[in-house]
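Protein chains: 2
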Amino acid sequence: MISVDRADIAFQLFDALPTASLSALPRFADYDRAAIDGVLDMAERVAMDHFLPHAADLDLNEPKFVDGKVVIDERVGAALAAYREAGFFGASFDQELGGAQMPETVRSAVGFIFSMANIATAAYPFLTTAAANLIDAFGSPEQKARFLKPMVEGRFFGTMCLSEPQAGSSLADITTKAEPQEDGSYFLTGRKMWISGGDQEISENIVHMVLAKIPGSPPGVKGISLFIVPKFLVEEDGSIGLRNGVALAGLNHKMGYRGTTNAALNFGEDGPCRGYPVGDPGKGLVYMFQMMNEARIGVGLGAAALGAAGYRASLAYARERLQGRHPDNKDASSPQIPIIGHADVKRLLLAQKTAVEGSLALLLYAAFLVDAIKAAPSEEARHEIRILLDLLTPIAKSWPSEFCLEANKHAIQVLGGYGYTRDYPVERLYRDNRLNAIHEGTHGIQALDLLGRKVMQENGAGMKTLAARIMADVTQAHGLEGLTAHAADLAAHLAEAVATTGKLAAKVGSNPRPGLANATIYLDMMGHVVIAWMWLRQATAATRRLGSPDPDRNFLDGKLAACRYFFAYELPRTRTQRALLDSLDDTALKMRPEWF
Amino acid sequence: MISVDRADIAFQLFDALPTASLSALPRFADYDRAAIDGVLDMAERVAMDHFLPHAADLDLNEPKFVDGKVVIDERVGAALAAYREAGFFGASFDQELGGAQMPETVRSAVGFIFSMANIATAAYPFLTTAAANLIDAFGSPEQKARFLKPMVEGRFFGTMCLSEPQAGSSLADITTKAEPQEDGSYFLTGRKMWISGGDQEISENIVHMVLAKIPGSPPGVKGISLFIVPKFLVEEDGSIGLRNGVALAGLNHKMGYRGTTNAALNFGEDGPCRGYPVGDPGKGLVYMFQMMNEARIGVGLGAAALGAAGYRASLAYARERLQGRHPDNKDASSPQIPIIGHADVKRLLLAQKTAVEGSLALLLYAAFLVDAIKAAPSEEARHEIRILLDLLTPIAKSWPSEFCLEANKHAIQVLGGYGYTRDYPVERLYRDNRLNAIHEGTHGIQALDLLGRKVMQENGAGMKTLAARIMADVTQAHGLEGLTAHAADLAAHLAEAVATTGKLAAKVGSNPRPGLANATIYLDMMGHVVIAWMWLRQATAATRRLGSPDPDRNFLDGKLAACRYFFAYELPRTRTQRALLDSLDDTALKMRPEWF
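Heads up: the sequence lines are chains A and B, in that order. Numbering-wise (the UniProt record's numbering), the first sequence opens with residue 1 and increments by one. Numbering-wise (the UniProt record's numbering), the second sequence opens with residue 1 and increments by one.
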């Protein structure tokens, strides 16, 4: 019932974006169109053959804590072995480390496919890549040899240990301690919470990337350092040594994402827990945040993939399920029609299509920016792209988390009572997707990041670049048949959004609390404008494709209709949001706790 | 963590509505304010002591099919025994039947309390009441004696058997057959689907209310008749007789509402299945629809209750949980604050409060209309109320189902990662609530009912009554301090909504397909206008209360702030929706299946 829409992925990569052009870079020389298609073929095969088949069972039989060990459906290990054999653990890393030097754009498309198939199983390698990225960027050569290489090979898995029971959104308040030892290592003591992949018996070892405070450090984020804490110590020759003092304190039982072990971990409680400092003391959160863009884009990608899985499942169902007749057909003895013929079902499918494909467009656009930094001709050009990526990241994380969850809600609705049962995948996808607005920084935290930090950065440089890029695409679209009105519409919305941004930024600068009180509304508003831009870009690419020889007309007409839908049903909402933002409404801010 | 807000229920019943005035009617003479408070005390006690404690376990250990029988956590039976002892099974029925003649308004408040505590357990008596209502209204005296009386006593439970695997939204397409027998009874054969409470061992007997077709009947809805099909035949003396040929075919495994058995039933497969016709042949669906208002209001009430449970749980959490600091506090060593101090958390709580209390206001208003029909002085007055109730019913069913689900989403967000775990109730409430937009007519079906039927009824009589009632309340509010702007705002929105309705109704009359293509948007738009009206009514009542001796200022200030929130954050959205509706947008209608 869940199937990968390869036509859309190809369109997104090669029509809406110039992904094949990346092969002009020496680093990506191997990735011409044919090679990329080969990578996607392989990803689809591994995902459909090894990830999808156990997704429903894994949800029903979540990992269990038995005799001190985590027991997981053994098909998870088998799937990850197939993933490893296909070389995906090392996809983005340097060839000299054993990696494949895959462009982030392509790696994102691959991640999308695996997340569609089974996001819970896919989480283990994704977390491993996130942890490995940190060591790659900030670790010592010795740490890279000892820990990074086996992660790139898929032998060691990784985790990110940030939150603690009393410090979730507020990482400044972590209390895990790291005491320096004579040999340059540290002994860690403390408790970490919400550790995905926190324990398992699949990989030879687990490399925990742990935030902790060295005694005597300043309070707040400046006192946070980053440590490598392996589950098993690793000898100099790379062999597995003694068990380190990091222990599973318990598993969390979640609404969704149930196949991904989520654990509370104790450090240094059952014995000394050795950690190795990464980079400089006090820079732990700075390092984390330098890797955060990719992690947050990864969350958005997972949300989009879950949305896509539900969309494809509900689309397949809507084509098959017979129910009812058109409202102008009064002949009760006429046959029932497939529900895809009902306007409201088409609306539910269009809402999913625009959310899912609009999200994927944005996420691949953001991934392409990551690659474009590598291709940029100057530090100035690199900087401009980085600032734009910084600005887009909270949107790329949050918009899919919100609106692809909504898409999953619609997918259930298309299936009706059947969709509400565990016989179909859509209820599971909906449960899984509910996490994405919470982890890697909640929706509200992303909003503060966008309005309180990214918009303010360097006098609004990110916003200026964004506006310039949108206007360049508006100009392109303006001359194309059928797109003139959409182009003008987007330009008008953008101008209003820029004006609202200016007004809010001035307020935030002088008085942060009222300025930031409606940051979440601002995030949603900007997200809609950005997704409208993504739809204009797709409609532009589709229109051009229609003029090429032998186009796939149905596919391209679908893109144009989806663009019309988004501009008619979704984009206009932002006007109401801007009116609220412009008024600096303080109803929520002034609400007193005792009034609830 | 879940607690009943008795202050709000009292405000809704006695300040926003004149519930105590119902005791002027002979039928309700027993229900003065003190008696109603006593009923609510009893409901709260039974709900908190017997329903709430097993709610989480019941969700984790759903009913199972063992050796041909349904095995359910035995606390369900114990809770229902307490419910029976308190007399709630017979709440609304005539005293001569053993009922309590409780006003529907009061019964709704009672239902709200039980649904908050444990909607899965509460479903058994609610379904029994729905089935009993049908027999009460359309059954013969003999059927009332044999089946209704033990239902009123809570000894027999009831179910509604409408859907079949191939006929969910389209009941015209049911194929269950009822063959007449010489003794006046019928033999039924067929399969029913989604039967809540479809089998269990708690009650002495189960009375299934079954829609079926008598051979030779016309196609479509006019061929549908209603039958009583007991699980066990009942002898003339009321004793339980032989097992009837209705058999459990399987249990459905749902995302939520897991404590309520949901079954597929076979009729006449394992032996003859006897049914007794209710009323006239061919009128089955007409009878169902005469009872549908109360059933649909019941669904809305359940949705509101689930929203309320999540709101109360997240409010309690937000007062206790320490996390972060105000954005203008740069002192990392200052203590963390309760998250209820953060503007965005207050927004999430206000969104819940307005959805939940706005819904409850509407549902009690609708229930009061049911009572008011009994109190009306003339057939003309009764008719006017009935038409208004008809119009409000799809809104009262759908708006809470949509926006109290959204409230449950927010409740999870307030709890963050904790909210996503099964250690807290909010994820369960969210799963439970997802059903409400599906059963008793999906969201899309409600929209067609509203725009295609209720709005068109008697030349828009319902809409005229609604507008007149809203304007009467606008006039009341207009003179009150702080409410003038809201009153004017609502009047303007109402005028626009009426204009949009006129435009759509004209289209629906001439060409139903384009006219109804955006019926769901219309439903949501009208819902928001109606809920804004409910908030203006509550703000009016609160303002008056503030002028009375010794008012509860915090509670009343909360009502006024919530009204401001709804008018600032929610009501303005409807303008965008009306613009779309006015344009008769046909993007969804014209989308071709092959374009997806």
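Beta carbons: idealized from backbone N, C-alpha and C, even for Gly.
Taking the C-beta atoms as reference points, residue 287 of chain B is found nearer than 8 Å to residue 279 of chain B. Between the stretch 334-341 of chain B and the stretch 309-324 of chain B, the count of C-beta pairs closer than 8 Å reaches three or more; the two stretches touch. Residues of the stretch 556-581 of chain B with a Cβ closer than 8 Å to any Cβ of chain A, in chain order: 557, 558, 561, 564, 565, 568, 569, 572, 573, 575, 576, 579, 580. Under the 10 Å beta carbon count, residue 107 of chain B is surrounded by 16 or more other beta carbons and is classified as buried. In the DSSP annotation of this structure, the continuous segment of the alpha helix (DSSP H) that includes residue 475 of chain A starts and ends at 461-478. Cβ atoms of residue 228 of chain B and residue 275 of chain B come within 8 Å of each other, at about 6 Å.
Annotated three-state conformation of residue 190 of chain A is strand, per DSSP.
The three-state secondary structure of residue 160 of chain A, taken from DSSP, is strand. By the criterion of a C-beta distance shorter than 6 Å, residue 401 of chain B is surrounded in its chain by 303, 436, 437, once the five residues flanking it on both sides are discounted.
Collapsing the DSSP output to three states places residue 410 of chain A in a helix. Out of A/550, A/540, A/15, A/494, the CA that lies nearest to the CA of residue 526 of chain A is found in A/494. Annotated three-state conformation of residue 226 of chain A is strand, per DSSP.
One alpha carbon belongs to residue 422 of chain A, the other to residue 443 of chain A, and they sit about 28 Å apart. Boundaries of the beta strand (DSSP E) around residue 240 of chain A: 240-243. According to the DSSP assignment, residue 206 of chain A belongs to the beta strand (DSSP E) that extends over 205-213. With respect to the C-alpha of residue 518 of chain A, the residue from A/586, A/237, A/35, A/369 having the closest C-alpha is A/586. At the C-beta level, residue 115 of chain A and residue 306 of chain A come within 8 Å of one another. Membership of residue 278 of chain B in the beta strand (DSSP E) is indicated by the continuous run 274-278. Judged by DSSP secondary structure, residue 69 of chain A falls within the beta strand (DSSP E) whose first and last residues are 69-71.
Closest in alpha carbon position to residue 466 of chain A, among A/181, A/331, A/481, A/497, is A/497. Listed in chain order, the beta strand (DSSP E) elements of length 3 or more contained wholly in the stretch 31-112 of chain B are 64-66, 69-71.
Under the three-state reduction of DSSP output, residue 262 of chain B falls in the strand class.
In terms of beta-carbon proximity, residue 389 of chain A stays away from the interface with chain B, with every pair separated by 8 Å or more. Around the CB of residue 156 of chain A, 16 or more other CB atoms lie within 10 Å, so the residue is classed as buried. Of the candidates B/510, B/450, B/473, the residue whose Cα lies closest to the Cα of residue 463 of chain B is B/450. Nothing from the stretch 52-77 of chain B brings a Cβ to less than 7 Å from some Cβ of chain A.
In this structure, residue 353 of chain B sits near residue 596 of chain A, with a CB-CB distance shorter than 8 Å.
Residues of the stretch 324-342 of chain A with a Cβ closer than 8 Å to any Cβ of chain B, in chain order: 324, 325, 326, 327, 328, 332, 333, 336, 338, 340, 341, 342. Residues of the stretch 400-421 of chain A with a C-beta less than 7 Å from any C-beta of chain B: 412, 413, 416, 417, 420, 421, listed in chain order. Fewer than three Cβ pairs drawn from the stretch 267-274 of chain A and the stretch 369-387 of chain A lie within less than 8 Å of each other, which leaves the two stretches out of contact. Under the three-state reduction of DSSP, residue 294 of chain B is assigned to helix. Secondary structure of residue 154 of chain B (DSSP, three-state): coil. Listed in chain order, the non-local C-beta contacts of residue 377 of chain B below 8 Å within the same chain number zero, local neighbours out to five positions each way being set aside.
Within the same chain, and ignoring the five residues on either side of residue 556 of chain A in sequence, the residues whose Cβ sits closer than 7 Å to its Cβ are 542, 545, 546.
A straight line joining the alpha-carbon of residue 122 of chain A with that of residue 39 of chain B spans about 53 Å. Residue pairing for residue 251 of chain A: DSSP places it in a beta bridge opposite A/263.
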